[in-house]
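Sequences listed follow chains A and B, in order. For the first sequence, our numbering assigns the number 1 to the initial residue and increments by one for each residue that follows. For the second sequence, our numbering assigns the number 1001 to the initial residue and increments by one for each residue that follows. Even for Gly, the Cβ is constructed at its ideal location relative to N, Cα and C. No experiment lies behind these values; they were computed from the predicted model shown. Structure first, then comments.
2 protein chains.
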Amino acid sequence: MTLEQAKEKLMDLQKTITAYNHALGLLFFDGATSAPRGTAANRGQTMSVLSQALYRLNTRPDTVELLAFLDENRSALNEREQRMVDLLRKEGRKMERIPAEEYMAFRRLSVEANAVWRTAKEQSDFALFAPYLQKRFDMSRKIAGYCAPDVDPYDFWLNDNEEGISRALCDDFFASVRSRIVPLLQAVQSRPQLDNAIIKGRFPVAPQAVLAHKLMDVLQLDPLHVGLATTEHPFTTSLGSHLDERISTHYYEEDYSYSMFSIIHEGGHALYNTGSDDSLAYTVLDGGVSMCVHESQSRFYENYLGRSRAFCEYLFPVLREIFPEHLKNGTAEAFYRAINRVEPTLIRTQADELTYCLHVLVRYELEKRAMAGELAVADMPDEWNRLYKEYLGIDVPNDRRGILQDSHWADGYLGYFPSYALGNAYGAQFLRKMKETVDVDGCLRRGDLRPINEWNRQHIWQYGCLYRPADLFRRATGESFDPTVYADYLEQKYTALYDL
Amino acid sequence: MTLEQAKEKLMDLQKTITAYNHALGLLFFDGATSAPRGTAANRGQTMSVLSQALYRLNTRPDTVELLAFLDENRSALNEREQRMVDLLRKEGRKMERIPAEEYMAFRRLSVEANAVWRTAKEQSDFALFAPYLQKRFDMSRKIAGYCAPDVDPYDFWLNDNEEGISRALCDDFFASVRSRIVPLLQAVQSRPQLDNAIIKGRFPVAPQAVLAHKLMDVLQLDPLHVGLATTEHPFTTSLGSHLDERISTHYYEEDYSYSMFSIIHEGGHALYNTGSDDSLAYTVLDGGVSMCVHESQSRFYENYLGRSRAFCEYLFPVLREIFPEHLKNGTAEAFYRAINRVEPTLIRTQADELTYCLHVLVRYELEKRAMAGELAVADMPDEWNRLYKEYLGIDVPNDRRGILQDSHWADGYLGYFPSYALGNAYGAQFLRKMKETVDVDGCLRRGDLRPINEWNRQHIWQYGCLYRPADLFRRATGESFDPTVYADYLEQKYTALYDL
């Protein structure tokens, strides 16, 4: 095999992997959008066959040899090719170390556990879900043991979600933000509450859908390559490559701001994915590099931009055209205050910008301790409720609105929650850096996001997965990660809003 | 390899084939329903990789050996296993004979040709599409030559769509129905026209969607396993197995009967697929056996049941609840006459029950003669227009509403159109047989389709692809195919309606 032939095979291999992932992603998307309710087992059957084919492709001798050969000749590869080989070898080695049967069982557990979780949530019955959660922890520990026997299992999963992070880093990060956010929240709660009548009422789906498309337009999402669906829980997915992106939303009739911010949030994910350089399509470098960086973008658009006073000044007249009756006496300032009202609530996905991190913190502590065997699965609901009381000051009435609210643990995402909070904090540093060269508030006031998107494209999006998250962060900001920037931002914003 | 092991491998092979077909079907479904417009190339890339994998699976030595081994031991196989082996070998041999490159090129042509056809239709520009249609005929002749060098190419494709049919059979069939339908149409046209004001007006989508779901309910489609989507052209597809079925419709605001009959038509397809015995799931025997039998079911529900006086008597009060203002002065009889109004028009999918076959006849004659080299692609539009004048008595104003109206030739379906007409004719014999034991009109008047579905399930649906279409037909009806039953049915119905 010549080097040129090997490079060609490398590209073919990635095209094949991409195609399988496209099919698997579309099966998931279909399940979340159009599929009739009784079809999960049928879809599970197909996903199992395709996952197995993908597993074989990643682990079969000619793939392993090809990647080893390219690695031996890595000095003759360019930066992109080296990274492709590294990412593919990492994934292949992980799969190789896990016995095929256990790998498949681990994947199957997600399908089964999700179905049980759904019922358990509907019936608010944690006991129903507990055996699956137990299996989730047991199998995750076992898988971690196969892949990285010398590493703490929770560290393995944290790092699997986000190259380079660890329990130590998360402990420091959460301790730091907690020490700033909890007192800030207490101060806010001692002040008169902000009025949010301007976003509450009865808003039919049709005008909300008009707003959704208007926002996609303002975000500069390309309608030829980004579609919108409606789902129970909003999400974003790339299908096959960054050239086919789907976001979804959920319309609540009583509050148009929920769908509005879900569009901006998912739009941030979609912008990041679709911003990959086109030449990365059909390679493992295509799309966002990690969940932290992804959340740094989604929450950047949702909060740093979407909940800013400047953007409200642009958006309010647009909203008044869509909901003329409800907003006829409103002002941009009243809208700004309404969407930034702080209120400790039970549900993470509906949390305000300030309390959001505390929701994540509860989940982090629980999964970390359960993984280490310091917390029994049976005791997790009580511990969940205790921590909500301690950090957010509220009582959890039942498990449906408590520990059963999120699907992550059912779906197999352990060590994933911290990325939501870390991403928030990354975003604060991106914003500070961007403001050195871009008139962010001016852009927002005009509703012209092009210069903002351009900065993100140039510094973050275009690279896809070429750089490790920490390296990408350093290249973009010129500094290392510092959670105090995030805490400072929150303090400044809420001190002004609540007149502290 | 023991026989037991081989049988197990046979089932595994079919599960794998099913999974690939599920993914390919879902990619198609996504393209027709949710996908943003600029994503076809991305989807094409994935479909090409998966088709190639499927091609390899069908043709690789261990598959060929397995099927040969089972065939040698066919006396030890049950009826189902024998049929599985036969169908798989037939497909495998076809693929083996076509060089891989040409097989892929043939599949790629469908994706490209469909995109060009779409533009050509929009712009009513046949010249744009002509080179692709030429390629379609050229490649189809070549493929037929590889697979069946001793058979006439058009016969090969007819038989590929419908085991056992031939040009001779179609010629006879069309000559027979033409000799009955053309004079009948002329007689109808000499009489006063039926009024159809009761189905025309302005009907918003929301109540039409209510009607769609009501009809699915009346048809006894299982909502856990049959989903409804909206698309430009209504269709039905099984995803993975008969356990996940999707139908689609299109709502026209000016006429609620279009969506209504598309739901009943596609519902007939879906009933047939979902009626397969559950044990056939994930095998090649799952779902409908052929296009003729499929159309015999879809058009059975649409016309023999849906456009019958008895069903109108049941349905009219339902419709009046959904469209109270428009229907307040209507009657079931007026509705029956409106939906059975005969009017030669340009568009096949909107044709009435009587003229429908003539639309198909035009397409049959054209593709048959083009395939034989007796008609140049460039001359096809003129010939299309001439035949519409001759059979239907109408002038075709442009190619958009003429030869460019259907996507079949672009998509690769040559020799497919006749099944629409043959299916119609099959249905007439199924109905006559069913009426020997089922009070069809009584069921329809009560809106209780269970006894009708049960007859179809018992005699047709449950078998999936176990029997060849002609054998299935003979088992169900106890007789051989006789197109005069169909012609008699039409003559009787329209003689009464138009008082001939």
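Option in the options with minimal Cα separation from residue i
i	options	result
Gly240 (chain A)	A:Ile264, A:Thr274 and A:Asn159	A:Thr274
Arg348 (chain A)	A:Ala120, A:Thr18, A:Asp406 and A:Gly227	A:Asp406
Ala1372 (chain B)	B:Asp1152, B:Glu1343, B:Met1104 and B:Leu1010	B:Asp1152
Pro204 (chain A)	A:Tyr251, A:Leu109 and A:Leu158	A:Tyr251
Thr249 (chain A)	A:Ala53, A:Ala68 and A:Ala212	A:Ala212
Leu497 (chain A)	A:Arg309, A:Pro183 and A:Lys433	A:Arg309
Leu1070 (chain B)	B:Leu1003, B:Arg1118, B:Ile1017 and B:Ala1115	B:Leu1003
Gly1287 (chain B)	B:Ala1068, B:Tyr1154 and B:Glu1245	B:Glu1245
Arg108 (chain A)	A:Thr46, A:Ala130 and A:Ala120	A:Thr46
Leu13 (chain A)	A:Tyr364, A:Tyr489 and A:Tyr282	A:Tyr282
Leu1280 (chain B)	B:Lys1007, B:Ala1476, B:Met1001 and B:Met1011	B:Met1011
Phe235 (chain A)	A:Ile264, A:Leu215 and A:Asp222	A:Ile264
Leu1026 (chain B)	B:Glu1081, B:Glu1313 and B:Gly1227	B:Gly1227
Ile143 (chain A)	A:Asp499, A:Gly412, A:Cys465 and A:Val438	A:Gly412
Ala476 (chain A)	A:Asn196, A:His459 and A:Ala370	A:His459
Val433 (chain A)	A:Phe311, A:Asn303, A:Pro207 and A:Val485	The identity of residue 433 (chain A) in the sequence shown is Lys, whereas the question assumes Val. Comparing Cα positions, the closest option is A:Val485.
Gly31 (chain A)	A:Glu491, A:His242, A:Thr230 and A:Gly164	A:Thr230
Gly447 (chain A)	A:Trp384, A:Ile394, A:Phe430 and A:Leu319	A:Leu319
Gly267 (chain A)	A:Glu302, A:Ser176, A:Leu169 and A:Gly442	A:Glu302
Cβ of residue i within 7 Å of any chain A Cβ
i	result
Thr1236 (chain B)	no
Gly1415 (chain B)	no
His1022 (chain B)	yes
Thr1283 (chain B)	no
Thr1249 (chain B)	no
Ala1019 (chain B)	yes
Leu1221 (chain B)	no
Thr1231 (chain B)	no
Thr1119 (chain B)	no
Thr1046 (chain B)	yes
7 Å Cβ cutoff, residue i in contact with chain B
i	result
Pro207 (chain A)	no
Gly227 (chain A)	yes
Val210 (chain A)	no
For residue i, the three-state DSSP class (helix, strand or coil)
i	result
Lys200 (chain A)	strand
His1269 (chain B)	helix
Thr345 (chain A)	coil
Ala1229 (chain B)	strand
Leu1243 (chain B)	strand
Thr39 (chain A)	helix
Thr236 (chain A)	strand
Ser1308 (chain B)	coil
Ser564 (chain A)	The displayed coordinates of chain A run from 1 to 500. Any statement about residue 564 (chain A) would go beyond what the structure contains.
Ser1166 (chain B)	coil
Ser1407 (chain B)	coil
Ser248 (chain A)	strand
Asp1352 (chain B)	coil
Asp1255 (chain B)	strand
heavy atom of the ligand ADP below 6 Å from residue i C-beta
i	result
Gln1405 (chain B)	Ligands in the displayed structure: none, and consequently the ligand ADP is not present.
Under 7 Å from the C-beta of residue i: neighbouring residues of chain B
i	result
Asp30 (chain A)	Leu1026
Val49 (chain A)	Lys1015, Thr1016 and Ala1019
Asn42 (chain A)	Gly1240, Ser1241, Leu1243 and Asp1244
Listed by chain order, chain B residues near residue i by CB distance under 9 Å
i	result
Gln14 (chain A)	Within 9 Å Cβ-Cβ: nothing; Gln14 (chain A) doesn't reach chain B, min ~11 Å.
Ala35 (chain A)	Gly1227, Leu1239, Asp1244 and Arg1246
Cross-chain neighbours of residue i in chain A, by beta carbon under 9 Å
i	result
Leu1224 (chain B)	Pro36, Arg37, Gly38 and Thr39
- Message: I'd like the ranges of any beta strand (DSSP E) spanning at least 3 consecutive residues and lying wholly in the stretch 65-136 of chain A.
- Response: none
- Message: Quick check on the DSSP output: what are the complete alpha helix (DSSP H) runs of length 4 or more inside the stretch 428-481 of chain A, in order along the chain?
- Response: 440-446, 450-459 and 469-477
- Query: In the stretch 1001-1045 of chain B, which residue ranges form an unbroken alpha helix (DSSP H) of at least 4 residues, counting only runs that do not cross its ends?
  - Reply: 1003-1033
- Ordered list of beta strand (DSSP E) runs contained in the stretch 1278-1307 of chain B, each at least 3 residues: none
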